[in-house]
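Numbers 93 to 314, taken from our numbering, label the letters of the sequence shown in order. Just so you know, even glycine gets a beta-carbon here, dropped at the ideal spot from N, CA and C. Remember, predicted model here, so these are calculated numbers, not experimental data.
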Amino acid sequence: MIPLPTRLRAFAPALLLALLAPAHAVAPPPDEGKALVAAGHNRFDKLCVSCHGAGGAGVAPGGANASYGPKLVSRSDLPEERIRDRIIHGKHGDKAMPPWGTVLEAKEIDQLVAYVKRLASTPAGQGTGPLAPFDLNEQARIDAGKRRFAKTCAGYCHGFEGVGGRAPDFKGRTDLPAEVAYETISKGRQGADVMPPWGGAFTEEQIWELVAYLQYLGKQQP
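Structure representation (structure tokens):
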């Protein structure tokens, strides 16, 4: 039988190689706070827009008239406790509101509270836009977006590393806000620089990883 020290020496080279091998970057989970607000935004669009207007602007959908419910943007009089209470218990009388506490789970209420709280702290006239569920500067997210870009965006339209394709370049571009990039990738665009909508092919998180890569390219020298 081989003595224990000799056996360990036999495995030492393989163990050393395993320790020295580069680890594959794994994207970290979404930032909890940002993910909460983003989920609340999605839920708000499904449940609340018909009364409070898109983005809580207090404008009725499809028109310029005031919405049924009050505006929620730029409301310094809406602390978190009041927002939560109103969502859970609703409101009776004039401009009645249903009690969502009987329908939504605690986590879903937390999502709505986080988003409405963000709306209330947003200055008037400043839109909230789509929300990234993680830090766009995270290297793992940038790397994931780079791989996806190379597979779906580089070959025909935007070129290697976003340069030299048939569509606009991205390297060194500073006039492309993250929110605009997200909307364009998700919904596509018409006109001279036509682009297909990728919202049906990618998850929101995957689109935001592409945005993270585009934001990274914008900081590089063209």
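Quick check: what's the CA-CA separation for residue i versus residue j?
i: P72; j: D169; result: Summary: the structure shown does not reach residue 72, with the chain confined to residues 93 through 314, and so no result is reported for it.
i: Y160; j: G247; result: 49 Å
i: S213; j: R174; result: 14 Å
i: E200; j: V141; result: 16 Å
i: Q282; j: C245; result: 17 Å
i: T295; j: R210; result: 23 Å
i: P215; j: R178; result: 22 Å
i: P171; j: F136; result: 18 Å
i: F103; j: K243; result: Because the pLDDT at F103 is just 43, under 50, the model does not fix this residue reliably, and the value given afterwards should be weighed accordingly. So the two alpha carbons sit approximately 39 Å from each other.
i: T266; j: R176; result: 39 Å
i: G254; j: K238; result: 10 Å
i: G193; j: D202; result: 11 Å
i: I180; j: E275; result: 32 Å
i: R185; j: R167; result: Correcting the residue identity first, residue 185 is Gly in this sequence and not Arg. Using only the alpha carbons, I get a separation of about 21 Å.
i: A198; j: V165; result: 23 Å
i: N157; j: L268; result: 32 Å
Got a sec? Which residues, its chain only, sit under 7 Å from residue i by beta carbon, not counting five neighbours each side?
i: Q298; result: R240
i: R233; result: A119, F226, E301 and A304
i: Q307; result: L228 and A270
i: F252; result: A246
Leaving aside the five residues before and after residue i along the sequence, list all residues of the same chain whose C-beta is less than 6 Å from its C-beta, in chain order.
i: P225; result: P122, K126, A127 and A130
i: P114; result: Bear in mind that the predicted position of P114 carries a pLDDT of just 41, short of 50, making it unreliable; the figure below should be weighed with that in mind. The answer is none, since no qualifying residue turns up.
i: H133; result: Y207 and L223
i: M287; result: G280 and R281
i: A117; result: Here A117 scores only 43 on pLDDT, less than 50, and its place in the model should not be relied on; the value that follows carries that caveat. Excluding residues within five positions, the ones whose Cβ falls inside 6 Å are A232 and D235.
Between the Cα of residue i and the Cα atoms of the options, which residue gives the shortest distance?
i: A236; options: G283, E301 and I175; result: E301
i: R303; options: D202, L223 and Q313; result: Looking at the sequence provided, one finds Val at residue 303 rather than Arg. Closest option to V303, Cα to Cα, is L223.
i: C249; options: I277, L268 and T266; result: I277
i: K279; options: G292, F262 and F252; result: G292
i: L204; options: F252, L268 and G148; result: G148
i: P260; options: W290, P314 and K238; result: P314
i: A273; options: D202, W290 and V165; result: W290
i: G321; options: G185, G193, D285 and E275; result: The question about residue 321 has no answer, for the chain in this structure spans 93 to 314.
Assuming residue i and residue j are in contact, meaning their beta carbons sit under 8 Å apart, how far apart are those beta carbons, in whole angstroms?
i: G150; j: K163; result: 3 Å
i: Q231; j: G264; result: The pair is not a contact, with the Cβ atoms about 20 Å apart (cut-off 8 Å).
i: L309; j: F262; result: 4 Å
Excluding the 5 residues flanking residue i on each side, which residues of the same chain have their C-beta closer than 8 Å to its C-beta?
i: A188; result: G182
i: P153; result: V141, S142, G145, A146 and S159
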